Ligand code: FAD
């Protein structure tokens, strides 16, 4: 056990003061907490244990006119044996007496019983052997391993799963996949649009860091989030007029955006949703930035970019194409004419590496964007591409598909260190491109129409701390004779458009911003995308555009919440396909055979609906499937009790909304003080039943508490609560609805028991629990006859 200090609080104020200073844990009965401390199951051990057992004002049972008040420190044995409780609230007395052993009931308090930690051996295992989701880890081991005693009602969202937290755009991937499982495509689209206005594009070109971290990869194969995103992205484009509408309310504000790449398009979309007037200034003939001009069409067809731009234009965003800010209009004049500016001009200048003869080479970016001398033709030529990143691979493949006879990629990095994604390199190799890793160019010499490139061996690329610091060995050389050398060694931002009329602060060739707010040093001017980060990715640019839109909206005095379509219901459990445990192979993506690949037709084909649906059904919808073990909780829910804390009074149901590392809504400096239970209506019958494996010292596999009011032989009102079967205790409203208005008999009790299992999702080993719920609910009802 780790060392901790001890505070023996004798008043509530003393305890709260101790709690407010942080890193403390409360000991009420002491039956559970000591074990937790001993097991060191939490990543952080509390520095202090505060004993509240001696706060006299917190114990005792008092009857008022229409309710009973039980102090939080009242012992379970007292509650179980109290005459008044036995008479008027028998369900509570039975629940208290069902807790573990007499010894534990003599120590345990009602407050402690309600606040006990969740039941799950992975969570409770000593020394963080299982660093589960609830502890801040990446997955819940119970999904694929032992899960006899885990939830049969789905999982609790205790933190963002790795797919979502690895997405730079923070897309709520599990939520939109769950809507696909419900075949609600419109809702899935709206959720995706919350974080990404151009999913048809990212579905094709995003590196999908989400998919690389999917928990399913350790079980069989990651879910093909990419394929599903593309499917929904295309659905959005097909239904753009419905899903990307003109805002209902227009504000009087005007915002100018400079640059129509993904950052600019994203900012425009979200600003428009706020109702602002948006004009995008773009120097090129077509909108889309690198999406239109840089990324090859065989990966991202131009018509997809045009349709995505068209959808945003359809919302009322104005595009001023062929307008070069800095030449046709100055930044200063835009600042005067608009209420706010967003700069997203990207990184379009080819970096120079300063070698002799560099002027004999062609910029890879110019090559891709078609900015080339007239009659430039690579057919039948030998090409050397300098660079090892994704852009270099795009340049190499494009050159090959343009008819180059031989294409070689030379880069400083070793094969393992090459910055291009592995699958991109594989594709280049498949298409016959040769690699020369660990070679650095030294000189380019023209010999007639031929170019001779001197390359020297690169020993290492990075220093001990990981900084780019290439070390070359001049004694090992190679001469490569080719017809064309294409440079793809990175891009930088062209900031010449800023001019001198504004003192915009720059840093290392980029616009300086506060990365939390996208604000520049000039009030009203925001910036984002590659011009603030250097060459990055489409999804990063989208995320920056979204953040900037929200900050610009605040800058303009707008309210925040109006743009949200979806707010997750923290009280509902996460659902998934109960067949998830079956090992499956991802539908994956279909790539054309090499012989059929071209420059302008897409290499990869998308999912059809059945494939998207099946793939979405492979998602675990990762959450925490631990269960709440309190026996008193369902009894209090059935009785409609109120929990009084040092800060508020809430219903027993509300009290158990789960949060990370918590099993109740209590804040760090908040304590339960009492429980108030209204007097049951005349004619109310109550029952509590618990199924456990051993008679003593055991948690419930299922506990059921019911309070039913019977009038004229029929159930007038019913409250049925269950616990031990989900991350929190809850009312089975579907079952209550079946019972109300009916007689208490075998048939109706059976139907009610069945209804109590609606929404169950068995894991691989806990299906039996569903049968127990059904039986216990039925028996509890029949005991009220
Ligand atoms: P950009 O997309 O560069 O857009 C900037 C826009 O501003 C351009 O339209 C430009 O014309 C305009 N502009 C610039 N200056 C002015 C001015 N003065 N006045 C008016 N307009 C101006 N990322 C991925 O995630 N996946 C990929 O597969 C991928 N492949 C790539 C392939 C290539 C060849 C390249 C070069 C990049 C690739 N990227 C990829 C990176 C990605 O394209 C960029 O990170 C992203 O486009 C940056 O978005 P942005 O909005 O900041 O800038």
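Numbering (the numbering used here), first residue to last: 320 to 1104.
Virtual Cβ for every residue (Gly too), placed ideally from N, Cα, C.
Computed from a predicted model, the values in this text were never measured in an experiment.
Helix, strand or coil at residue i [DSSP, three-state]
i            : result
residue 799  : strand
residue 1081 : coil
residue 426  : helix
residue 793  : strand
residue 337  : helix
residue 993  : strand
residue 881  : Note that residue 881 scores a pLDDT of 44, beneath 50, so its modelled location is shaky; the value from the coordinates is reported in the next line. If DSSP states are grouped into helix, strand and coil, residue 881 belongs with the helices.
residue 632  : helix
residue 859  : helix
residue 439  : coil
residue 1103 : coil
residue 837  : coil
residue 509  : helix
residue 941  : coil
residue 723  : coil
Closest by C-alpha distance to residue i, when choosing among the options
i            : options                 : result
residue 524  : 325, 983 and 619        : 619
residue 697  : 721, 706 and 707        : 721
residue 922  : 908, 544, 567 and 617   : 617
residue 596  : 579, 572, 576 and 603   : 572
residue 392  : 623, 1101 and 993       : 993
residue 407  : 733, 829 and 1003       : 1003
residue 1104 : 599, 1033, 354 and 1071 : 1033
residue 649  : 685, 537, 816 and 777   : 816
residue 512  : 984, 819, 715 and 862   : 862
residue 853  : 666, 552, 526 and 693   : 666
Paired residues, beta bridge with residue i - DSSP
i            : result
residue 749  : Beta-bridge pairing links residue 749 to no other residue.
residue 573  : 596
residue 844  : 660
residue 485  : Residue 485 pairs with nothing; no bridge assigned.
residue 766  : 769
residue 756  : 730
residue 458  : 451
residue 964  : 991
residue 644  : 648
residue 1030 : 1033
residue 774  : 760 and 797
residue 924  : 909
residue 381  : 388
Backbone CA spacing between residue i and residue j [nearest angstrom]
i            : j            : result
residue 1036 : residue 1059 : 6 Å
residue 613  : residue 903  : 37 Å
residue 842  : residue 615  : 37 Å
residue 626  : residue 672  : 38 Å
residue 489  : residue 585  : 14 Å
residue 1097 : residue 1007 : 12 Å
residue 900  : residue 474  : 15 Å
residue 768  : residue 801  : 9 Å
residue 814  : residue 645  : 10 Å
residue 279  : residue 1038 : This structure gives no information on residue 279, because the portion of the chain shown stretches from 320 to 1104.
residue 455  : residue 463  : 18 Å
residue 468  : residue 367  : 32 Å
residue 560  : residue 840  : 38 Å
residue 701  : residue 682  : 16 Å
residue 710  : residue 642  : 27 Å
residue 326  : residue 389  : 25 Å
residue 638  : residue 984  : 48 Å
residue 882  : residue 724  : Note that residue 882 scores 45 on pLDDT, short of 50, meaning its location in the model is unreliable and no value can be drawn from it.
residue 940  : residue 1080 : 12 Å
Buried or exposed by the 16-neighbour rule on C-beta atoms within 10 Å, applied to residue i
i           : result
residue 401 : buried
residue 918 : exposed
residue 352 : buried
residue 591 : buried
residue 634 : buried
residue 891 : exposed
residue 749 : exposed
residue 563 : buried
residue 403 : exposed
residue 934 : buried
residue 920 : exposed
residue 609 : buried
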